[in-house]
Structure formats: structure tokens, C-alpha cells
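Numbers given in the numbering used here equal positions in the sequence shown, counted from 1, plus 5. Beta carbons: idealized from backbone N, C-alpha and C, even for Gly. Inspection log for the structure reproduced underneath, given as C-alpha cells.
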Amino acid sequence: MKTIKKGNTGSEVRALQRALNLIVDGVFGSKTEDAVREFQKENGLTADGIVGPKTWDKLHVGPVRATREIREIIVHCSATPEGEDYTVKDIDRWHRESGYSNIGYHYVVYRDGSVHTGRDEEKAGAHCLGHNAYSIGVCYIGGCPERSTPKWNTKSKDTRTPAQKKALLSLLKELKGKYPRARIYGHRDFSSKPCPSFDAHTEYAGI
């Protein structure tokens, strides 16, 4: 990974922001710089806000090794009520309780627009039967009406916040840049489920 600092943009900045659990916009601004300085202080590094080899090493972020042929990027929702927050840890627990080794998605987009990593990209996911070996699974939190809605868990609703829409678009563009031959789909394109509660294949056709 190359050395980056305030003012830089691009995939390295997005990787940094994901590692620091920040909102991922690919722009190294003041908030990202502050988070870097804080991380450096906590890890005994020079708190200069510049992300070089030592900081990357502490962050455990390195170049992506494309060991799988990725043909599809599949968008999901967590099928949780509108307005409620859930985390990667929650989904990991649900998936383990269902018999999976760990969380089946590679990325999860929270309601505040922050992007969080799940299963390593190098490993096949557990999110779309018959497609896991050659796909990346992206999930956003939401997808159902408010809990007060009668039988909310049998209904679907596009609950994406403006921050989620922005973050999803940015993440999908980044993944398409990394895997240019991949096509973007929604889980609904391969299943009878309404997931992800909107037509992702059409909405992201221009990426």
C-alpha cells in the first residue's frame, strides 16, 4: 500500500477508512486525519497523520490478492426493521447460529453510511446459493418496514438512508474497479426473496 495523507483520494483511502470504521467516501479529509492520529497514538507510532508502512502494518491492511475469479457482486439487505441499527457482530452471530462458519457477507453498510468488512474477499461467501464461489456479497442494514408495522418481517421496504445510498454506490464502484468483469445483481435476481428490497441490478447498471 502506498503512503497517503490529507488531500489524497482513491481506493487506498477507502481501505483506510474501512479499517478505522469511518464513513467511506475515499477522501482523506480532516476527520480521517484525526482518526489516523488517534490510532497512531494508541499504537505507539508517530502521530503525524500520515499513513505509511508502519501504520498500514498496524492496521493489518495490505494489497488485495485476487485469488478468486469474481463474476458477480450481489447486493443484500439484512432484513431488519427500518430505523434499527445492527452490526457485523450481530450478523456474524446470526449466521453462526444458522450453521455457517462466520458472517456470510464480505461487506456491510450501516445506516450511518459507514462500510464494514465481514468475510475476507479471498474466501467464498455464504450469501447466495449457487453463486458464492465467484461472487462478493454486500449487505446494507435494513430492508423491512418499522417493527410497529403488522407482520413487518414478512414485508420488504427500501429503507436505505441517504448515507447508505451514497456509501453503497461508492463501494460498488470500488469493487467494479477491482473486478471489472463482474456484474452487479440483487439477491432477488437469484432467489424468490425480495432482498434487497429494491432493484439493484437496474439501479447500478451504469457502473
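- In the three-state scheme derived from DSSP, where H, G and I count as helix and E and B as strand, residue 136 is classed as coil.
- When the five nearest sequence neighbours on each side are left out, the beta carbons in the same chain lying within less than 8 Å of the beta carbon of residue 195 are those of 79, 133, 134, 135 and 136, in order along the chain.
- If you draw a straight line from the Cα of residue 174 to the Cα of residue 121, it is about 15 Å long.
- The way I'd put it, the region 85–92 does touch the region 145–154; three or more beta-carbon pairs between them come closer than 8 Å.
- Here DSSP, grouped into helix, strand and coil, assigns residue 66 to coil.
- For residue 200, DSSP assigns no beta-bridge partner whatsoever.
- Taking 8 Å as the cut-off, the Cβ atoms of residue 149 and residue 162 count as close.
- Residue range 93–102 is occupied by the alpha helix (DSSP H) that includes residue 100.
- The count of Cβ pairs closer than 8 Å, one atom from the region 37–45 and one from the region 183–198, stays below three, leaving the stretches out of contact.
- For residue 122, the three-state secondary structure derived from DSSP is strand.
- When DSSP states are grouped into helix, strand and coil, residue 188 belongs to the strand group.
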